[in-house]
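Chemist: Going by the UniProt record's numbering, the sequence shown opens with residue 1, and the numbers climb by one from there.
From the three backbone atoms N, C-alpha and C, an ideal C-beta is built for every residue, glycine too.
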Amino acid sequence: MATEEYPVRCEISVPFPTNQMAEIALNSLSPDPEPRNSLVTKEFILDDNILKLNQMAISIHRKLIAIIGDEDTCTGFLLGGTGELNAAKQANFFTVTKDTSTKDIEDKFKLFTTRNDIAILLITQTIAEEIRYLLDNHTMSIPAILEIPSKDHPYDPSKDSILKRARGMFNAEDFR
Numbered sequence: 001m002a003t004e005e006y007p008v009r010c011e012i013s014v015p016f017p018t019n020q021m022a023e024i025a026l027n028s029l030s031p032d033p034e035p036r037n038s039l040v041t042k043e044f045i046l047d048d049n050i051l052k053l054n055q056m057a058i059s060i061h062r063k064l065i066a067i068i069g070d071e072d073t074c075t076g077f078l079l080g081g082t083g084e085l086n087a088a089k090q091a092n093f094f095t096v097t098k099d100t101s102t103k104d105i106e107d108k109f110k111l112f113t114t115r116n117d118i119a120i121l122l123i124t125q126t127i128a129e130e131i132r133y134l135l136d137n138h139t140m141s142i143p144a145i146l147e148i149p150s151k152d153h154p155y156d157p158s159k160d161s162i163l164k165r166a167r168g169m170f171n172a173e174d175f176r
């Protein structure tokens, strides 16, 4: 049984930093964009285009990399220029020491995955093991969660549940 699409008037307004970005976003979805004052307003047939446009707007505003790691890992990334404070004076990194409780790590993970300005969350694999159930329950594509090695512990792909999920989405023939 074939499904029919019913046109539904759906006006969507999504803030973009510039009219040019708004125009680029609409051009990817529809042939005749009408950006006005850095807001995108357009009629759509109710489908995935609305979700795509919202995702584009979100990804434009999310630009930071957050780090949860040991002192050496955080220091390395901070020296590389990733350190940042948002308007609420919240840092985009969390240094875990031997005295840091699992609850503190969980709280920072939850904070970083809900902040609107973070696109990627890097977490050392040894720390990820402590909060594995949170990583397994994280299903959003943004922020992307990447497990990285630490100075003392090499990366072990067999422990990375996110990598396992990604591998399950493809089969070997996709790469031939």
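Check each candidate in M140, K103 and D152 and name the one with the smallest Cα separation from E71.
Modeler: Translated into positions along the sequence shown, residue 71 becomes position 71. The shortest C-alpha separation from E71 is found at D152.
Chemist: Just the Cα atoms here: how many angstroms apart are T126 and S150?
Modeler: Locating residue 126 in the sequence shown gives position 126, where the first residue counts as 1. Locating residue 150 in the sequence shown gives position 150, where the first residue counts as 1. Approximately 8 Å between the Cα atoms of the pair.
Chemist: Would you mind sorting I45 into buried or exposed? The rule is 16 or more other CB atoms within 10 Å of its CB.
Modeler: Taking the first residue of the sequence shown as position 1, residue 45 is located at position 45. Note that I45 scores a pLDDT of 42, beneath 50, so its modelled location is shaky; the value from the coordinates is reported in the next line. Exposed, because fewer than 16 other Cβ atoms sit within 10 Å of the Cβ of I45.
Chemist: Any idea what DSSP makes of I131, helix, strand or coil?
Modeler: Reading the sequence shown from its first residue, position 131 is the one you call residue 131. Three-state result, I131: coil.
Chemist: Put I142 into one of helix, strand or coil per three-state DSSP.
Modeler: By 1-based counting over the sequence shown, the position of residue 142 is 142. Here I142 sits in coil by DSSP.
Chemist: Using a Cβ-Cβ cut-off of 7 Å (strictly less than) and excluding sequence neighbours within five positions of V96, which residues of its own chain qualify?
Modeler: The residue labelled residue 96 in the question sits at position 96 within the sequence shown. The residues are I68, G69, D70, I105 and I127.
Chemist: At least one CB of chain D closer than 8 Å to the CB of D107: is that the case?
Modeler: Absence of chain D from the displayed structure is noted, only one protein chain being present.
Chemist: Of the residues C74, K63 and L64, which one's Cα is nearest the Cα of I123?
Modeler: Along the sequence shown, read from residue 1 onward, the residue named residue 123 stands at position 123. I123 has its Cα closest to that of C74, out of C74, K63 and L64.
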